[in-house]
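*Asks:* Shown below is the structure under consideration.
Numbering (the numbering used here), first residue to last: 24 to 600.
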């Protein structure tokens, strides 16, 4: 029975609006407007208030719990044991919108949106044979928990199949375990199918990483989608080791070694997609944590106009990457899309008339017509050593995976000054910070100003889901964070959007990502003199703004104005700037 059909719930809910006004959470005027809309649409008052952003969903359910005299439970961050979830079938959880949260001897606590639903309580009591205690939680949190703990689709089905075929016995003593027995367990059909389905579902979900993480209560499977980790399902302790071993076998890793980190790789073909999987294990107190980085070859080579540049930025970027010499740097934190940008740039300028040589760590993707090499610390083949050799290969364009030390930086500068175009990356927060970093490494300021032609700082921002995008009126507190950006853009109507969440975007409000950029072109005597004589990043930024330089925050703000992303997302990715 839904809350709206519960008589007691209805009687309590009649006072919801008045209660919110008394608590100062809603104005009398907004209540009157909401009640007028309720007469027309027939929607529950609480849902109207949530839809109009007059009250947060959590606040509404907390007030309802208070009115009904039951406890309210915030499910965020709560870990529910796998054994507890198994007490309530998935179809029951979805039918009544409930989730079991605790068991104390013969009392089972259930989180519900209607804690007084007699039908749900009676069915749970009969089904479990336990006394039922109810607490209230928000609908969104409960539905998220159902998806999280019951898995979904193919993964859930395969987990049920594995569990139905009994326990796989694995010796836990590292000194006495039988390696052949582990291999046998790992290669059994249900385990093999489970691993295949996890990988398949991650690709269908557009995940960039799969995390398999042991904990005291079981093992979590999480996907990183659009830069954010999502709980997908749990694997019971008895199946965790065979799953990890199966993946290690696929990646040609040592399944007997669990005390040291290991790296491996897998090459897959999934629905005509070529997938390179980088596998990494890390020992923890509850077992090996395993992360799989998924590299879909078809996705890396984007045309420049698909990266997210503004038209003016794209024009400058193209002119810089077509220069005959100089150093061009792409900067930003790990996972900000630097590799995609560099590979796309190389693909754009690649031709038979040019000799392009790279040294990478590791080689992420193969580029036809480009000589690519990978550093090997064990063999003594470092960025610096390889760069010396590359210079004897008559290159036109050189890509160095990362400038990490003075020796590599000096060789890159020397290469650029002798007529080569050099691409590389640095880990700095913004574009002017790259100049600071090079000088801190030991490069003389005059050499920096002579060799550096441009720096691109970037972040990946999530794109608002097109199916649930809606226009909003941002709060004064939120918009106050963008005073400078608003002042710099005139003649444009300020409209802002957000995703309210739907099945298409898994209730996140976002689907997909694109770049936000800060492109610093090193040009003009004033800017070069600023670098050479008493460099100051603030002064450099000021001179750059005179040349129509746009900061990362301004770039993101323009995307928010066009409805591509939200103001909250821009604040999130530029928080450290």
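Cβ coordinates follow ideal geometry from the N, Cα and C atoms, glycine included.
Any idea what DSSP makes of residue 193, helix, strand or coil?
*Replies:* Note on residue 193: pLDDT 37, under 50, position unreliable in the model; the coordinate value appears next. Coil at residue 193, not helix or strand.
*Asks:* Quick one: Cα of residue 224 to Cα of residue 57, how far?
*Replies:* 42 Å
*Asks:* Can you give me the C-alpha to C-alpha distance between residue 543 and residue 261, rounded to a whole angstrom?
*Replies:* 54 Å
*Asks:* Tell me whether residue 190 is buried or exposed, calling it buried when 16 or more other Cβ atoms sit within 10 Å of its Cβ.
*Replies:* In this prediction, residue 190 scores a pLDDT of 41, lower than 50, which makes its location untrustworthy; the coordinate-derived value is nonetheless stated afterwards. Classification for residue 190: exposed.
*Asks:* Buried or exposed, going by whether 16 or more other CB atoms sit within 10 Å of the CB of residue 197?
*Replies:* Its pLDDT being 42, under 50, residue 197 is placed unreliably in this model, and the value from its coordinates should be taken loosely. Exposed: under 16 other Cβ atoms inside 10 Å.
*Asks:* Would you decide whether residue 188 is buried or exposed? Buried here means 16 or more other CB atoms lie within 10 Å of its CB.
*Replies:* Confidence in residue 188 is poor, its pLDDT being 49 and thus under 50, which makes the residue's placement unreliable; the coordinate value appears in the next sentence. Counting Cβ neighbours within 10 Å, residue 188 comes out exposed, since fewer than 16 surround it.
*Asks:* Please state whether DSSP places residue 236 in a helix, a strand or coil.
*Replies:* strand
*Asks:* How would you write the range of the alpha helix (DSSP H) that residue 69 sits in, first residue to last?
*Replies:* 68 to 74
*Asks:* Using the Cβ count rule (16 or more neighbours within 10 Å means buried), how would you classify residue 556?
*Replies:* Within 10 angstroms of the beta-carbon of residue 556 lie fewer than 16 other beta-carbons, which makes it exposed.
*Asks:* Between the Cα of residue 369 and those of 339, 421, 112, spot the shortest distance and give me the residue it belongs to.
*Replies:* Nearest neighbour of residue 369 by Cα position, chosen from 339, 421, 112, turns out to be 421.
*Asks:* What residue range does the beta strand (DSSP E) around residue 114 cover?
*Replies:* Run containing residue 114: none in the beta strand (DSSP E); it sits in the alpha helix (DSSP H), 113 to 119.
*Asks:* What's the C-alpha gap between residue 112 and residue 159?
*Replies:* 20 Å
*Asks:* With a Cβ-Cβ cutoff of 8 Å, do residue 486 and residue 519 count as a contact?
*Replies:* no
*Asks:* In angstroms with no decimal places, state the Cα-to-Cα distance between residue 287 and residue 279.
*Replies:* 14 Å
*Asks:* List the endpoints of the continuous beta strand (DSSP E) containing residue 520.
*Replies:* In the DSSP assignment, residue 520 falls within the unbroken beta strand (DSSP E) covering 519 to 522.
*Asks:* Residues in the same chain with beta-carbon distance under 7 Å from residue 74, minus the five sequence neighbours each way, listed in chain order, please.
*Replies:* Excluding sequence neighbours, residue 74 sits near nothing in its chain.
*Asks:* Just mark residue 532 as buried or exposed, buried being the case when its beta carbon has 16 or more other beta carbons within 10 Å.
*Replies:* buried
*Asks:* Which runs of the beta strand (DSSP E) fall wholly inside the segment 451 to 524 and span at least 3 residues, in chain order?
*Replies:* 475 to 487, 492 to 495, 519 to 522
*Asks:* If contact is defined by three or more beta carbon pairs under 8 Å, each pair taking one atom from either stretch, is the segment 497 to 509 in contact with the segment 578 to 597?
*Replies:* In short, these stretches touch, since the Cβ pair count reaches three.
*Asks:* Can you give me the start and stop residues for the beta strand (DSSP E) that residue 313 sits inside?
*Replies:* 310 to 319
*Asks:* Put residue 135 into one of helix, strand or coil per three-state DSSP.
*Replies:* strand
*Asks:* Give a yes or no on whether the C-beta atoms belonging to residue 319 and residue 298 are separated by under 8 Å.
*Replies:* Their beta carbons are under 8 Å apart, which means residue 319 touches residue 298 by this criterion.
*Asks:* Is the segment 377 to 388 close to the segment 338 to 350, with three or more CB pairs under 8 Å?
*Replies:* Judged by Cβ distances under 8 Å, the segment 377 to 388 makes no contact with the segment 338 to 350, as fewer than three pairs qualify.
*Asks:* Can the beta-carbon of residue 480 be found less than 8 Å from the beta-carbon of residue 360?
*Replies:* no
*Asks:* Would the beta-carbon of residue 363 be found less than 7 Å away from any heavy atom of the ligand SAH?
*Replies:* Summarising the ligand content, the structure contains no ligands, and the ligand SAH is consequently not present.
*Asks:* Between which two residues does the beta strand (DSSP E) holding residue 532 run?
*Replies:* Element bounds for residue 532: n/a, residue is neither H nor E.
*Asks:* In three-state DSSP terms, what is residue 224?
*Replies:* helix
*Asks:* Look at residue 458 and residue 558 and say whether their C-beta atoms are less than 8 Å apart.
*Replies:* yes
*Asks:* Does the separation of the CB atoms of residue 410 and residue 423 fall below 8 Å?
*Replies:* Yes. Within cutoff.
*Asks:* CB residue 98 to CB residue 131, shorter than 8 Å?
*Replies:* no
*Asks:* Suppose the cutoff is 8 Å on Cβ atoms and the five residues either side in sequence are ignored; what does the same chain contact list for residue 154 look like?
*Replies:* 129, 130, 131, 148
*Asks:* Kindly indicate which three-state DSSP category residue 303 falls into: helix, strand or coil?
*Replies:* strand
*Asks:* Measuring CB to CB, does residue 554 end up less than 8 Å from residue 472?
*Replies:* Against a cut-off of 8 Å, the Cβ pair of residue 472 and residue 554 comes out as a contact.
*Asks:* For residue 169, I'd like the list of residues in its chain whose CB is within less than 7 Å of its CB, leaving aside the five on either flank, ordered along the chain.
*Replies:* 116, 117, 122
*Asks:* Tell me which residues share the same chain as residue 393 and place their Cβ nearer than 7 Å to its Cβ, disregarding the 5 neighbours each side in the sequence.
*Replies:* 369, 373, 379, 381
*Asks:* From the DSSP output, read off the bridge partner residues of residue 297.
*Replies:* 292
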